[in-house]
Amino acid sequence: MANKTKLNTEESYNPFIGIGCKLFGHRYRITKRYQSNLKEFECAQCKKQFTLDGYGHYTPLTPKIKRVNEVFESFYTKKGLVG
Ligand SMILES: [Zn+2]
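This note's numbering numbers the first residue of the sequence shown as 588 and each following residue consecutively.
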């Protein structure tokens, strides 16, 4: 067996993308708006995803946070349906 130690480097990574974000900040676009008033954003420049934390600050949208948002949303939307 050949020992392939192929480094999974980000070949598509463009160092120029994101410089504008560093200088001027991200260009947030809303990608998803929840009934529960949660929102998800994407940067139009670097394509990173964000959401707002409990303080209203932009925070990177991790899969974990996304899941929390979805759980929260399902609780929120079910409130009106159940009972
Ligand atoms: Zn950005």
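The beta carbon of each residue, even a glycine, is placed where N, CA and C say it ideally should be.
Under a three-way DSSP split, which group does THR649 fall into?
-> Here residue 649 is taken as the residue at index 62 of the sequence shown, counted from 1. The answer is coil: DSSP assigns THR649 none of H, G, I, E or B.
Pairwise C-alpha distance: GLU627 and THR664 = Within the sequence shown, the letter at position 77 stands for residue 664. Within the sequence shown, the letter at position 40 stands for residue 627. Each residue's alpha carbon lies about 17 Å from the other.
DSSP state of ARG620, grouped into three classes?
-> Working through the sequence shown from its first residue, we reach residue 620 at position 33. ARG620 falls in the strand class under three-state DSSP.
Using alpha carbons as the reference points, say which of ILE604, LEU625, HIS613, LYS619 lies closest to PHE662.
-> One-based indexing of the sequence shown puts residue 662 at position 75. Ranking the options by Cα distance to PHE662, first place goes to LEU625.
Using a threshold of 7 Å, is the CB atom of HIS613 nearer than that to any non-hydrogen atom of ligand 3?
-> Summarising the ligand content, the structure contains ligand 1 and does not contain ligand 3.
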